[in-house]
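Protein chains in written order, with our numbering: chain A, 25 to 767; chain B, 447 to 564. No residue lacks a Cβ here, since even glycine has one placed at the ideal position from N, Cα and C. All of these numbers come straight from a predicted model, not from anything done at the bench. Following: one structure in structure tokens, then a few remarks.
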């Protein structure tokens, strides 16, 4: 036994996952994901068409959640059938691709919260993924972005909203660090989103009544922050009852505005009111209530309490099961992956992965499209820092996670236009005069720290004006039009017009870029096993595949041509030397032809300079010979050694891999190998040269160590190597070795 | 401009320019909501349909009154009498579903101690 803590554990303790909190299960505090001892047995007693007992509780004892679910939430026509179907049978129906989604939804409508919780508890993670693939409402997956910043800077909000739309987000959620700024944020984000893409929905998450008022004035196009809770106490603490929420839901619909509700496991435990129930059972009550009040969809999967669920065993699994529960009740699922639930990149990726693979109506109910520090909801599970990761994950798995690559110049143009549009609208409406220095900073900014010129009072003043003058989206449209932004004016008008038709009130509705509605009604998920369901169109697949970082051989050839040098020229056929100090540097076919820069970024001619200088230090004479008939480095080096008077040759591939060879060895044997080309620098090439000289003289070489790195060298360079080798091959032929001269 | 559904976007924009179009022109109608209720029912969501039907009754209720009704339904905002008054007022205007919702709330709020007591 060592006295102190082992080095191995000290090291492990420092890893980021250990910043996360992990809780011992404690049912009394609600710190249990599935199956608390206090969760009720499922039960449903109906007398004369009226529910008189629900999940073990008699009518007289119903709390507000029981009462609303009992009166409105359960389809009594199928209740008998649903409640008497064994849990396992229902669980299997969810997973079985042969059972249509609609059949599952029909039956689930007759289940109580406790019954459905029991059923979903039976599904293992891979089964949850399969069930999700089938059960989500909309065929086409999508994604939602957060667009906020620390200063409620309207110009930066507009630029970032346009950027989010360019990356493919079809819903944008903003909020405020300063409550009074809400109207300004709603206008700025709506205008920016309209610049970025037609048909992007926008919400501003604020207090319920304020949010509704924004919706009535057209300043936002959907709502989401309508919170539900699983216990009466916490519901009332949230300053609502199921009836006020049901009314609110109808109020939105009466104005033609899409809305969904928000819930999430762990919320009640976090607020100290779980009543000893498991997180999943309480969430089952929320989801049943969401259906009962007539909401078309639910944002859940922990949300603000995701890390509470994450702290207990199987908590992450329960977050996913919550999302599936929403789908099983036939509702739009906006599937969390919202608030950051871990300090560990591995862990947060693991939390999202199965949901991402299955595809949902909105994979994230708030992908932080801005940097972490600018996210006024708190950092998200996925942030601007991760957009490229996410795009690459889509490409890796061939999965549509709702995002697309946006080209630099397109984003630059959109940001510029978004900023100009908001500048113009605010000026025209007399809301604020946002100056050009500020505007230029906002266009370029990666975050609000890059916009020191922002005036923190401007959004508050603008918001007061918007509120006092009763400004509506029609006024914003008029201002855009007058100021030359008629295309954006049309896009916002079409969003207003969509309210009149009401088609986007249906379950899981979003707009495509032609303002076509994609919903449960128009784009129903028809997954029924392999070969069915959503498949990206060829155009969409190309979008997913074409990340901006990908390179072809032609790209690499063009890049290499930039480094071309005229210092190397062919002297003539290479002859065998006889001088014992003659060392031949054999170079591969592409040297002096097509490849001019090694993987470590050195010019090939500079590498040759180093090798020659190293040989000269040892009193040897280097001679450069291009070996044309092979791209194998061993053979290049051996050919060089056989031509050298000393019998010692250096082999150098254009990409920088090098070795020292001797004429009597077999091709694959060699004296020294410098194999990790990306890490070989000038001094190491010089050492290689001088060691070759020492081999030629029969002296002892200095041991050369390949520099070691813990970076993913292979990930960085292997694709390049494939292309470089392909180029080498096109340069090789039957020409005998040629002597080159380095001017 | 009374029916923006039929007007193409250019015509709408002309209306905005001429200041003949306002937010009131972008109101969904009770009939459209009832139609959407039918669609929701066809797609196996009776509760969503109910919601649209309640919404249909609220289309002509002014914004301020809708906000006030919401406020009234929040915990401990209203006495039983106030809720009954609101329900009766809704009922008188044909908003029977909303009236029933308010009356149901009044009963449950009373049983669970969620009425304003003074």
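Closest to residue i by C-alpha separation, out of the options, would be which residue?
i: residue 299(A); options: 50(A), 555(A), 407(A); result: 50(A)
i: residue 426(A); options: 398(A), 697(A), 191(A), 702(A); result: 191(A)
i: residue 752(A); options: 733(A), 592(A), 584(A), 763(A); result: 584(A)
i: residue 696(A); options: 319(A), 748(A), 280(A), 715(A); result: 715(A)
i: residue 159(A); options: 204(A), 307(A), 185(A), 345(A); result: 345(A)
i: residue 176(A); options: 480(A), 116(A), 675(A); result: 480(A)
i: residue 519(A); options: 501(A), 509(A), 508(A); result: 501(A)
i: residue 479(B); options: 518(B), 519(B), 494(B); result: 494(B)
i: residue 157(A); options: 171(A), 586(A), 118(A); result: 118(A)
i: residue 319(A); options: 333(A), 165(A), 393(A), 266(A); result: 266(A)
i: residue 698(A); options: 688(A), 686(A), 675(A); result: 675(A)
i: residue 53(A); options: 292(A), 517(A), 623(A), 493(A); result: 292(A)
i: residue 341(A); options: 144(A), 140(A), 460(A); result: 144(A)
i: residue 328(A); options: 397(A), 688(A), 253(A); result: 253(A)
i: residue 759(A); options: 509(A), 651(A), 307(A), 682(A); result: 651(A)
i: residue 80(A); options: 723(A), 718(A), 65(A), 89(A); result: 65(A)
i: residue 93(A); options: 111(A), 104(A), 105(A), 74(A); result: 74(A)
i: residue 735(A); options: 700(A), 767(A), 717(A); result: 700(A)
i: residue 552(A); options: 42(A), 36(A), 123(A), 167(A); result: 123(A)
i: residue 649(A); options: 615(A), 620(A), 154(A); result: 615(A)
i: residue 95(A); options: 238(A), 423(A), 77(A); result: 77(A)
i: residue 680(A); options: 43(A), 449(A), 686(A), 612(A); result: 612(A)
i: residue 402(A); options: 200(A), 750(A), 622(A), 617(A); result: 200(A)
i: residue 249(A); options: 216(A), 718(A), 286(A); result: 286(A)
Quick check on residue i - is its C-beta less than 8 Å from some C-beta in chain A?
i: residue 466(B); result: no
i: residue 530(B); result: no
i: residue 462(B); result: yes
i: residue 537(B); result: no
i: residue 513(B); result: yes
i: residue 458(B); result: yes
i: residue 550(B); result: yes
Cα separation between residue i and residue j?
i: residue 114(A); j: residue 347(A); result: 17 Å
i: residue 545(A); j: residue 535(A); result: 13 Å
i: residue 711(A); j: residue 363(A); result: 53 Å
i: residue 337(A); j: residue 371(A); result: 14 Å
i: residue 475(A); j: residue 430(A); result: 23 Å
i: residue 536(B); j: residue 465(A); result: 53 Å
i: residue 558(A); j: residue 165(A); result: 8 Å
i: residue 488(A); j: residue 494(A); result: 10 Å
i: residue 409(A); j: residue 366(A); result: 15 Å
i: residue 448(B); j: residue 497(B); result: Unreliable positioning characterises residue 448(B) in this predicted model, as indicated by a pLDDT of 48, which lies under 50. A coordinate reading is not provided.
i: residue 683(A); j: residue 418(A); result: 40 Å
i: residue 729(A); j: residue 594(A); result: 33 Å
i: residue 455(A); j: residue 246(A); result: 24 Å
i: residue 390(A); j: residue 400(A); result: 11 Å
i: residue 58(A); j: residue 149(A); result: 14 Å
i: residue 330(A); j: residue 556(A); result: 33 Å
i: residue 459(A); j: residue 263(A); result: 41 Å
With a cut-off of 8 Å, does the C-beta of residue i fall near any C-beta of chain B?
i: residue 621(A); result: no
i: residue 257(A); result: no
i: residue 544(A); result: yes
i: residue 320(A); result: yes
i: residue 335(A); result: no
i: residue 271(A); result: yes
i: residue 530(A); result: yes
So the alpha helix (DSSP H) residue i belongs to, where does it begin and stop?
i: residue 606(A); result: Not the alpha helix (DSSP H): residue 606(A) falls in the beta strand (DSSP E), residues 606-611.
i: residue 684(A); result: Premise fails: residue 684(A) lies in the beta strand (DSSP E), 682-686, not in any alpha helix (DSSP H).
i: residue 321(A); result: No alpha helix (DSSP H) contains residue 321(A), which is instead part of the beta strand (DSSP E) from 321-323.
At which residues does the beta strand (DSSP E) containing residue i begin and terminate?
i: residue 199(A); result: 195-199
i: residue 481(B); result: Premise fails: residue 481(B) lies in the alpha helix (DSSP H), 476-488, not in any beta strand (DSSP E).
i: residue 241(A); result: Run containing residue 241(A): none; DSSP gives neither H nor E here.
i: residue 68(A); result: 68-71
Check: Is the region 658-673 of chain A touching the region 607-625 of chain A in the sense that three or more CB pairs, one from each, lie closer than 8 Å?
Finding: Yes, they touch.
Item checked: Segment contact flag, the region 627-639 of chain A with the region 564-576 of chain A, C-beta cutoff 8 Å, min 3 pairs -> No, the region 627-639 of chain A is not in contact with the region 564-576 of chain A.
Item checked: Meets three-Cβ-pair contact criterion under 8 Å: the region 201-209 of chain A and the region 225-241 of chain A -> Put simply, the region 201-209 of chain A touches the region 225-241 of chain A. At least three CB pairs are less than 8 Å apart.
Checklist line | Cβ pair count under 8 Å reaching 3, the region 352-362 of chain A against the region 393-400 of chain A | finding: Touching, no.
Check: If you pair each beta-carbon of the region 437-453 of chain A with each one of the region 177-190 of chain A, do three or more pairs fall below 8 Å?
Finding: Here the region 437-453 of chain A makes contact with the region 177-190 of chain A; the two share three or more CB pairs at distances below 8 Å.
Checklist line | the region 521-534 of chain B touching the region 123-138 of chain A, judged by at least three CB pairs closer than 8 Å | finding: With a cut-off of 8 Å, the region 123-138 of chain A and the region 521-534 of chain B do not count as touching, because too few Cβ pairs lie within range.
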